[in-house]
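These protein sequence lines are chains A and B, in that order.
First residue of the first sequence: 1, per this note's numbering; consecutive thereafter.
First residue of the second sequence: 1, per this note's numbering; consecutive thereafter.
Just so you know, even glycine gets a beta-carbon here, dropped at the ideal spot from N, CA and C.
Encoded as structure tokens, the structure appears first; notes follow it.
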Amino acid sequence: MKRVEQKIAGLNVTLIQTTKFKTIDFILSFRSKLSPANVTKRALLSQVLKAATVNYPSKMEISRKLESLYGASLGGAVNKQGLLHIMSFRMSIINDNYLLEDVNLLEESFKFFHEIIFQPKLENGEFLSKVVNEEKRLLKDQFLAIYDDKIRYSYNKLIDIMCENELYRLKPIGRMEDLDSITSENLYEEYQRMLREDTVDFLIIGDLTEERVFSLINKYFKFDERPVINEVVDTETKEVREVNRVVEVKDVTQAKLNIGFRTNITGLDADYYPLLVLNGLLGVYPHSLLFRNVREKESLCYYISSTIDKGKGIMVIFAGIDKNDYQKAYELILKQLEMLKKGEFSEQDLENTKKAYINDIRQIIDNPIDYLLAEYSGYLYDEPFSVESLSNKVNNVTKEDIMRVAQKIQEDTVFLLTSEEVK
Amino acid sequence: MEKLVYDTLKETLYYEKLPNGLSVYLLPKKGFNKYYATFTTKYGSTDNTFIPIGQKDYITVPDGIAHFLEHKLFESEEGDAFLKFTEYAANPNAYTGFNRTSYLFSCTSYFEENLNLLLDFVQDPYFTDQNVEKEKNIIAQEISMYDDNPDWRLYFQTIQNMYHEHGVNVDIAGTKESIYKITKEMLYDCYNTFYHPANMLLFVVGDFDIEKTMELIRANQAKKQFPQFSGVERKYVFETNEVKEKESVIKMDIMTPKVAVGIKNHESKLQGKELMNFEIALEIIFNYLFSKSSSHYQYMIDNELINNTFGYEITLEYSYGFAMVYTDTNKPEEFKKYVIDVLLKAKDLKIPEEDFVRIKNKLLGSSLRALNSPEAIANNFARFQFNDMNFFEAIMAYEAITLADVEKALSFFDEKAITTNIILPK
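Structure, rendered in structure tokens:
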């Protein structure tokens, strides 16, 4: 396996050469500052660009082209990481040396990918209004669908309440209320701005030579020099005087409990790896405290997990419980966090958690997309991706680190979605 | 040990049937950090009526018992197998389907310890009255979770509309009533009958030494005693393709209605090559009718009958099978009418040669892509094998399929086999 990184004007290119995979995968990523002014437009753009191009002016024609490229896949999506809004497009193709026919699938795919990014179908210098309206309808349906999945809905609701006045409340797909004001014209302006100002990365992995890749990139992907946007962590916070408790009544069979915390630690802090391991001890693995003590010992739930957000430092614990068990489950969950503060966990638990993370880290490079995403995340946090260095950081975490970090965690908001008022 | 070479795929598979009847398959993958193993029994939620091993009469056990058994198998007298895997830095899991139950782990170190552990915990049941009781509340919460999930309700009610008697019409986890009837004695009856090595398959993938790994498995199995195996006697239910209910409506607290149109299979005894060709033919037909490259998809998206949740799936197994086309939509009746119309006309479908070739290439490409993923191979392998098919041969079969094969599958499209399920906001 070999890694090549090269800057070509405004484009940062990373090539991972490996014979492990039967595919070639590539990602083109555009990042910008997360802002309410354009987040929804960008979410829409990620879909509009892959809906109609000059030579393939409908989804049907785009799909037929992908099928003829031996079932190539094309994706467009938006994501956020701290202060950044990231729009990425990706393709996966079969490496042509597995095909009986003699085709240059790589070049054909680059040419097609180029068209997706640079040659949208236009009318009067704007996107096709038919395409924009269709994607607005589809995005609106995505907002509405959140309500229909009550696990997701309750998690989102917790964040809405907890971060009511913070940037973090913005979803990667933006805000439904923005949709009406988006037009083919202002969307096209946003597209031009994105091509001009966004920080752009191209990442590619597969059995490829440097010459072949770089000559194709030079031919199809040109971006002018521009300032790099790299401020990632979102330190906006608020003082928690009292835990905010909100109960919402809906027609659900199972109550959904969500508890939000502020850890005050982000991916750039020295305490990030202790926090990561703490979260593993608490609620990621079968041996984690929540799973063992709340599910296995007390039979209070089927699913229970904790997650942390690297860019913001928020931690959320969520579980599905019987509505009559709310008080018991809530207290038992908080008790697990107290145990971490007091160091009431074994060295064995700590070792097992570290081993579990290192196992996860080692698996990253067995999946082409995971590998590219880890490389990209490495840029954002100025921490070049390497299995070894990540593993070392996890390995260096001590019991004292966990106890210290646990002290920093503040409970902020509890949101319970349940079928009747809880006393 | 047999060696099976798939030249065009650049894969080699090793096979051995052990003296106790266990089928073992090893797939070396050079350069991968990850080891992945699945240990699968040909036993799922629908296998509720059977003759327990060593007995003479059929018994019927409560719904959800295969899934319950899967939860409980992780417990042993010395403790929780989940936790032991953790000590060896592995990631264990298990799942129960209609006709299979699979136990698995992935790891990047301690491969041999983990492989032994997988074989040992699955082959060491430990059920007590107390540990069986304790699990009931956890599974009740799992059932509640699915009750609140509209996509699951959409899928499941559609199957229930199709089947009169077949066990596929009961939720894999059972019901809150049925699981409370489960006892440790019933669990042992099911275990002893269906977890005999001769009814099981082990698949291991990763960058390991083939001979050493096979030897480890042989030695592990040689240490254990199993009764004589004379085949599993279970009752399969075969139904005609006539659905039980033509339509159903459920109300839930959702914003956007959901619709599924299901079509029930008439060829529920197919196995081996026949099943493989039938399955590929149906995949090609459904791709032609409903994939994003189809004119129907374009029509439905243009007319706001569907959104990005639209999809279809095909399930073909011994004794049951169906296809489903589903979406979230604000025009449930129009969607239903359109899809049923397409399905009825499909009886006389003629796929143009050009489209046929394009779709074949697409399916071949996506199957090749699946070979990147050890998990995808391991999770699918047992399903193919239990139906007398081979996962790798199936990939190569795409190239051999003809339009005549596709035409033979068109009798699938039959009016009496079609049902619709709609979920409406309350």
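Counted within 10 angstroms of its Cβ, other Cβ atoms place E247 (chain B) as buried (16 or more) or exposed
With fewer than 16 neighbouring CB atoms inside 10 Å of its own CB, E247 (chain B) falls in the exposed class.
Can you find a CB in chain B that lies within less than 8 Å of the CB of Q336 (chain A)?
no
For R153 (chain B), which residues in chain A fall below 7 Å Cβ to Cβ?
Residues of chain A passing the Cβ test: none, with the nearest at roughly 11 Å.
How long is the line joining the alpha carbons of E108 (chain A) and I93 (chain A), rounded to whole angstroms?
Each residue's Cα considered, the two are about 10 Å apart.
What are the boundary residues of the beta strand (DSSP E) that includes F74 (chain B)?
Neither: F74 (chain B) is in no beta strand (DSSP E) and is coded neither H nor E.
From A:V228, A:A145, A:F21 and A:F112, pick the residue whose C-alpha is nearest to that of N308 (chain B); which is it?
A:A145
Please go through the stretch 182 to 242 of chain A and give each complete alpha helix (DSSP H) segment of 4 or more residues, from N-terminal end onward.
184 to 197 and 210 to 220
Going along the stretch 284 to 301 of chain B in order, which residues come within less than 9 Å of chain A, judged by CB to CB distance?
N287, S291, K292, S293, S294, S295, Y297, Q298 and I301
According to DSSP, residues forming a beta bridge with Q81 (chain A):
Bridge partners of Q81 (chain A): A:L84.
Between V422 (chain A) and chain B, is any beta-carbon pair separated by less than 8 Å?
In this prediction, V422 (chain A) scores a pLDDT of 49, lower than 50, which makes its location untrustworthy; the coordinate-derived value is nonetheless stated afterwards. V422 (chain A) has a beta carbon lying at 8 Å or more from every beta carbon in chain B.
Within a Cβ cutoff of 8 Å, which residues of the same chain sit near Q81 (chain A), ignoring the five residues on either side of it in sequence?
V232, K310, G311, S377 and L380
Which of the residues in the stretch 193 to 206 of chain A, read from start to end, lie with their CB under 8 Å from any CB of chain B?
none
Can you tell me the Cα-Cα spacing of I308 (chain A) and N279 (chain A), whole angstroms?
7 Å
Can you give the Cα-Cα distance for D388 (chain B) and L18 (chain B), rounded to whole angstroms?
18 Å
For the beta strand (DSSP E) that contains N395 (chain A), what are its first and last residues?
From DSSP, N395 (chain A) is part of no beta strand (DSSP E) but of the alpha helix (DSSP H) over V387 to N395.
The stretch 8 to 21 of chain A contacting the stretch 136 to 152 of chain A, beta-carbon criterion three pairs below 8 Å:
no
Under 8 Å: do the stretch 28 to 45 of chain A and the stretch 75 to 91 of chain A share three or more Cβ pairs, one atom per stretch?
yes
Cα-Cα separation, S305 (chain A) to Y110 (chain B)
26 Å
Alpha carbons only, please: which of A:L122, A:F89, A:K342 and A:K121 is nearest the one belonging to F110 (chain A)?
Looking at A:L122, A:F89, A:K342 and A:K121, the one whose alpha-carbon comes closest to that of F110 (chain A) is A:F89.
Looking at the structure shown, is G76 (chain A) part of a helix, part of a strand, or coil, going by DSSP?
Residue state, collapsed to three classes: strand.
Which chain A residues are close to L83 (chain B), counting only those with a beta carbon under 9 Å from its beta carbon?
P286, H287, R292 and N352
Determine the direct distance from the alpha carbon of Y357 (chain A) to that of D370 (chain A), and round the result to whole angstroms.
15 Å
Keeping to the same chain, check which residues put their C-beta closer than 6 Å to that of F203 (chain B); ignore five residues upstream and five downstream.
Y25, T38, A378 and F381
Nonlocal neighbours in the same chain, by C-beta distance under 7 Å from L69 (chain B), ignoring five residues either side
L187, C190 and Y191
Hey, out of A:K408, A:V39, A:E67 and A:I62, whose CA is closest to T266 (chain A)'s CA?
A:K408
Check the DSSP bridge columns for C107 (chain B) and list the partner residues they point to.
B:Y35
Buried or exposed for K72 (chain B), please, with buried defined as at least 16 other CB atoms from any protein chain shown within 10 angstroms of its CB.
buried
Spell out the partners DSSP gives R31 (chain A) in its beta bridges.
Under the DSSP definition of a beta bridge, R31 (chain A) partners with A:I86 and A:T199.
Since I believe N359 (chain A) is in contact with A89 (chain B) (beta carbons under 8 Å), could you give me their beta-carbon distance rounded to a whole number of angstroms?
5 Å
Alpha-carbon to alpha-carbon, A140 (chain B) and K176 (chain B)
Rounded to whole angstroms, K176 (chain B) to A140 (chain B) spans 6 Å at the Cα level.
V252 (chain A) at chain B interface by Cβ criterion, 8 Å:
yes
Near-chain B residues of the stretch 363 to 377 of chain A - C-beta to any C-beta below 8 Å:
Q363, I365, D366, N367 and P368
Going by DSSP, what residues sit across from E317 (chain B) in a beta bridge?
B:Y320
Could you list which residues in chain B have their beta carbon closer than 8 Å to that of F21 (chain A), in chain order?
N372
How would you call K423 (chain A), buried or exposed, if buried means at least 16 neighbouring beta carbons within 10 angstroms?
Here the model assigns K423 (chain A) a pLDDT of 47, short of 50, so the residue's position is not dependable, and the following value carries that caveat. Exposed.
Collapsed DSSP secondary structure at S288 (chain A) in the structure displayed
coil
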